[in-house]
Amino acid sequence: MTKAQLFITCLGDQFYTSTLKSMTRILEDLGVELMFPPEQTCCGQPLFNNGFEDKTKGVALNFLKAFSKSDAPIVAPSGSCVSMIKHHYAELFPEGISEHDLAIDIASRTFEFTEYLVNVLKVTDVGAVYPHKVTYHATCHYLREMGLKTEAKTLLNSVKGLEFVSLKEEETCCGFGGAFIVTFPEVSRSMMENKVNDILACGADTVVMCEPGCLMNVAGGLHKAGSKVRAMHIIDLLASK
1128 MTKAQLFITC LGDQFYTSTL KSMTRILEDL GVELMFPPEQ TCCGQPLFNN GFEDKTKGVA
1188 LNFLKAFSKS DAPIVAPSGS CVSMIKHHYA ELFPEGISEH DLAIDIASRT FEFTEYLVNV
1248 LKVTDVGAVY PHKVTYHATC HYLREMGLKT EAKTLLNSVK GLEFVSLKEE ETCCGFGGAF
1308 IVTFPEVSRS MMENKVNDIL ACGADTVVMC EPGCLMNVAG GLHKAGSKVR AMHIIDLLAS
1368 K
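So the sequence shown is residues 1128 to 1368, counted in my numbering.
Okay, here's the thing in structure tokens:
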């Protein structure tokens, strides 16, 4: 039986437990035996992005230890967290450091959810049904650092009843950016409003994305605008029957 380890991420744990349940249900329906390392905490991304490299190492080391007890792939509902592990753990533990080989190993088998479905399991249809007009926001780390351009749309294209409409600026940042939203609130707000206007203009009744932080930002912007457009994590849409 195929096995995988769940990395639930901070925002998943605190704000999107329903998405985590959807992720678990989809993977189990596909025959994946799931494991949950209870020692897991943050991947260290917020600390790393704010320049606290030494503090990040301690958090990252805990992650490496937690997920090294099994050689199964690690799956997470966040492109930015996965990108942190895949692209920056090797910086924290460079060649010559005792943890380097473990960091490289963990990075090589850590996957964002849609990446895992399409590129590892070779699954493009999970049997979802969602008879609505849907648009897609390509989040920054997912698209740029992870290089995932087609995986989410491939899965959306197989959803029964779904009518896809494109955003004019699909790949433009929503303004979240982790600490960016706190450090530069005025700029972030302007970017978020531009994204919301783009969503409203396309005529969709649902917007999906693969990043909890961006989802929180866009959902808040739509609510503030008084819109009834629903913002969803793609996992929740794929769990719809």
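Idealized CB from N, CA, C, for every residue including glycine.
DSSP, reduced to helix, strand and coil, places I1201 within a strand of the structure shown. Residue environment for V1202: buried (at least 16 other C-beta atoms within 10 angstroms of its C-beta).
E1338 places its beta carbon less than 9 Å from that of S1205. In this structure, E1160 places its C-beta atom within 9 Å of the C-beta atom of M1128.
Taken atom to atom, the span from the alpha-carbon of L1283 to that of S1225 is near 42 Å.
Per DSSP, H1360 is one residue of the beta strand (DSSP E) stretching across R1357 to H1360. A distance of 9 Å or more separates the beta carbons of T1262 and V1309. Per DSSP, A1265 lies in no beta strand (DSSP E) segment and is marked neither H nor E. At the C-beta level, Y1143 and L1342 come within 9 Å of one another.
Pairing L1147 with A1255 gives a Cβ-Cβ distance that is not under 9 Å. According to the DSSP assignment, K1368 belongs to no alpha helix (DSSP H), since it is labelled neither H nor E. Taken through DSSP and simplified to helix, strand or coil, A1131 comes out as strand. For R1271, the closest alpha carbon among the candidates T1136, H1214 and E1166 is that of H1214. The three-state reading of DSSP puts K1322 in helix, counting H, G and I together.
Between S1195 and Q1172, the C-beta gap is not smaller than 9 Å, which leaves the two residues out of contact.
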